[in-house]
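Notes follow the structure.
Residue numbers (the UniProt record's numbering): 1 to 133.
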């Protein structure tokens, strides 16, 4: 059984790059998830109109981002967290499309960035898969 005072167990990975990547991903998902509760209006603006209960969905997605980020840090939960975050990234993809469709509502974000964001979602999914393996 691992020693709880030894944090190195959290980073049972194949390489230092993978370990660093895992920590970065975990922190980013936790921070993004918390932000869903701190600034839900930002996420409500990108919620597609056809989805019911947008505020509830923003909070649910934020909760699962935090849960997934924490799960990445726990080796025994990492496989489930990895699959959960990949499912979440696929589920929120329509919001990225919504931002592009209504780019005029996001004038502070360059249009090219909204376009590039779509294929970057696939790279983010691959990153979660690699770092979480």
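Just so it is clear, CB atoms sit at the ideal spot from N, CA and C, and this is done for glycine as well. Treat the numbers as computed from the prediction; the structure is a model and nothing was measured.
Asked: Residue span of the alpha helix (DSSP H) that contains residue 37, given as start and end; Found: 16-38
Asked: Pair within 8 angstroms by beta-carbon distance, residue 67 and residue 128; Found: no
Asked: Under the three-state DSSP convention, the category residue 76 falls into; Found: coil
Asked: Nearest-angstrom beta carbon gap, residue 78 and residue 33 [assumed within contact, 8 angstroms]; Found: That pair is no contact at about 17 angstroms.
Asked: Contacts around residue 62, its chain only, beta-carbon distance under 6 angstroms, and the 5 residues preceding and following it disregarded; Found: 33, 36, 37
Asked: Same chain, Cβ closer than 6 angstroms to residue 94, neighbours up to 5 away in sequence not counted; Found: 48
Asked: Outcome for residue 16 when other beta-carbon atoms lying within 10 angstroms are tallied against a minimum of 16; Found: exposed
Asked: For residue 64, three-class secondary structure by DSSP; Found: helix
Asked: Burial state of residue 69, where buried means 16 or more other Cβ atoms lie within 10 Å; Found: buried
Asked: Which of helix, strand or coil DSSP assigns to residue 132; Found: coil
Asked: Secondary structure of residue 53, DSSP reduced to three states; Found: coil
Asked: Within-8 angstroms CB hit, residue 59 to chain B; Found: Of the chains in the structure shown, none is chain B; there is only one protein chain.
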